[in-house]
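S.K.: Start counting the sequence shown at 27; every next residue gets the next number (the numbering used here). Please read through the structure below; I'll follow up with questions.
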Amino acid sequence: MSTQGALAGRVALVAGATRGAGRAMAVELGAAGATVYATGRTTRDRISEVGRATETIEETAELVTAAGGTGIAVPTDHLEPERVRALVERIDREQGRLDVLVNDVWGGEALIEFGKKSWETSLAGGLRMLRLGVETHLITSYYALPLLIRHPGGLVVEVTDGNAEFNKTYRENLFYDLAKNAPIRTAFGLAEELKEFDGTAVSVSPGFLRSEQMLDHFGVTEENWRDAVAKEPHFAIAESPHFVGRAVAALAADPDRARWNGKSVFSGELAKVYGFTDLDGSRPDAFGYFRDVVFGGKEGTAADYR
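Shown next, in the form of structure tokens:
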């Protein structure tokens, strides 16, 4: 299905749109014609604790507009209820509606301590992860949902790492495990609450994401990302942030999106249904690759799952 122009007249809020999946979701929603409010803590005047000055919400908003939508940057710390309330009041004042809410706030990568028991890790760091990955989502939904249900057909996307099946495996850090499983359960609960308003809540996960941070980690760029496969063979299944961005745009444009209500899905799973591709024309199925080959012992390569 094509999403071009499908979201004209629709309004979206992408909470956590500074970089990575959040930025790409905002851009792809804009490419489908939506007005997109892009929020985050890093602006051209201020850097968040993530410490990456090169990606800002103003740039995200400009990319949304360049893609064909209307991008509006609003600096917001989603741990501050009054800031979130003011954000939603502004959307209501300027647009009078909200059709898509994407809860993508995270920023806890530097806090993850793998290879340690929970009592050996930093308690402050672990609790901060939960605040960043769970509390922000709950605060945002609390203020945004009354506006979203004003019109039937609203969509809530809870962004996380892994679907319910994938996350049956322990994620090697208790706080991280909780932070990434909570959005799955949140989407399940919101699905029940939104039914009477013809609303849909879905938990969506990218596969092996080629975010700006991941590319920097491997010392490559989007143009030569395959050079990192020599260091990390599984990186061969990696997908650009736009793949999951197109997944969210496809969900938002689908009049039958309620079929996904309460479910947790990977971008690659949605690609099989909606037919969109990554920037290079492939359809990477990271979940299938890790399930079958990496963990299941099946013969195969990443190329078999692209």
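Glycine residues also receive a C-beta, built at the ideal position from the N, C-alpha and C atoms. If you're wondering where the values come from, they're calculated on a predicted model, not measured in any experiment.
Give me the Cβ distance between THR186 and ILE210, rounded to the nearest whole Å; I'm assuming they're in contact under 8 Å.
M.R.: Distance from THR186 to ILE210 at the Cβ level is roughly 6 Å; contact confirmed, criterion being Cβ atoms closer than 8 Å.
S.K.: Does the distance from the C-beta atom of GLU81 to that of THR44 stay below 7 Å?
M.R.: yes
S.K.: Would you mind working out which of VAL255, LEU200 and ALA278 sits nearest LEU181, comparing C-alpha positions?
M.R.: ALA278
S.K.: Which residues in the same chain have their Cβ closer than 7 Å to the Cβ of ILE34, if we skip the five residues on either side of it in sequence?
M.R.: The residue you asked about is not Ile; residue 34 is Ala in the sequence shown. Once the five neighbours on either side are set aside, the close Cβ partners of ALA34 are GLY59.
S.K.: Starting from the C-beta of HIS177, find all residues in its chain whose C-beta is less than 6 Å away, skip the five residues before and the five after it, and write them out in chain order.
M.R.: ARG123
S.K.: What is the DSSP secondary structure of GLY66, reduced to helix, strand or coil?
M.R.: strand
S.K.: Pop quiz: ALA41 and VAL128 are said to be a contact at Cβ under 8 Å. What is the actual Cβ separation, rounded to whole angstroms?
M.R.: 7 Å
S.K.: Of all the options ASN207, GLY179, THR68 and GLU120, which has the alpha carbon lying nearest to the alpha carbon of GLY188?
M.R.: ASN207
S.K.: Secondary structure at ASN193, three-state DSSP: helix, strand or coil?
M.R.: DSSP places ASN193 within a helical segment (H, G or I) once states are collapsed to three.
S.K.: Under 8 Å, with one C-beta from each stretch per pair, do the segment 64–75 and the segment 94–102 reach the 3-pair mark?
M.R.: yes
S.K.: Give the DSSP-derived three-state secondary structure of GLU230 in the structure shown.
M.R.: The sequence shown places Val at residue 230, not Glu. VAL230 carries a strand assignment under DSSP once its states are collapsed to helix, strand and coil.
S.K.: In whole angstroms, what is the alpha-carbon distance linking ALA38 and THR162?
M.R.: 17 Å
S.K.: Note down the Cα distance separating SER28 from ARG272, rounded to an integer number of angstroms.
M.R.: Rounded to the nearest whole angstrom, the CA to CA distance from SER28 to ARG272 is 10 Å.
S.K.: I need the straight-line Cα distance from GLY215 to GLY288, nearest angstrom please.
M.R.: 7 Å
S.K.: With three or more beta-carbon pairs closer than 8 Å as the criterion, would you say the segment 132–151 touches the segment 193–204?
M.R.: yes
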